[in-house]
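Numbering (our numbering), first residue to last: 1 to 114.
All residues carry an ideal CB built from backbone N, CA and C; glycine is no exception.
No experiment lies behind these values; they were computed from the predicted model shown.
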């Protein structure tokens, strides 16, 4: 009886992988309500991975520059103009000579190259 109970108990705590963002979503209530995690750790989990954002290209339509960015975390492509913001992604500056784009993601600024 004891091995069966231990086996059932162990099976209760085995993680079930659904792949991608579902892994974190399955444990989100535990992360939100945990008395053991600091606010800084929770903020770190909420931040988007900057390496997942790729500068795909740009085009000029009617004098306005449009920039294509791909965010691998939600698997989404954005077309943004200068100083436009969507999902906490904001394009700050673009140097057409070097094709370098300065963006801010979740309040953190960095540079991307084409």
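Does the ligand NAD have even one heavy atom less than 8 Å from the beta-carbon of residue i?
i: residue 85; result: By its list of ligands, the structure shown contains no ligand whatsoever, and the ligand NAD lies outside what it can speak to.
Quick check on the DSSP output: the beta strand (DSSP E) that includes residue i runs from which residue to which?
i: residue 52; result: That residue, residue 52, is in no beta strand (DSSP E); it is neither H nor E in DSSP.
i: residue 68; result: 64–71
i: residue 76; result: 76–80
i: residue 99; result: No beta strand (DSSP E) contains residue 99, which DSSP labels as neither H nor E.
i: residue 113; result: 108–113
I think residue i touches residue j, with their Cβ atoms under 8 Å apart; what is that distance to the nearest whole Å?
i: residue 70; j: residue 101; result: At roughly 13 Å, the Cβ-Cβ gap does not stay under 8 Å, so residue 70 and residue 101 are not in contact.
i: residue 77; j: residue 68; result: 6 Å
Just to confirm, are residue i and residue j a CB contact at a threshold of 9 Å?
i: residue 109; j: residue 92; result: yes
i: residue 106; j: residue 88; result: yes
i: residue 53; j: residue 72; result: yes
Here's a check: name, in chain order, each residue in its chain whose Cβ is nearer than 8 Å to the Cβ of residue i, leaving out the five neighbours to either side.
i: residue 66; result: 58, 59, 60, 79, 80, 81
Excluding five sequence neighbours on each side, which residues of the same chain lie with their C-beta closer than 6 Å to the C-beta of residue i?
i: residue 122; result: Past the boundaries of the shown model lies residue 122; the chain is included only from 1 to 114, so the question cannot be answered.
i: residue 94; result: 101
i: residue 111; result: 100, 102
Answer yes if the segment 30–40 comes into contact with the segment 58–66, meaning at least three C-beta pairs across the two stretches below 8 Å, and no otherwise. The segment 58–66 vs the segment 30–40: no contact.
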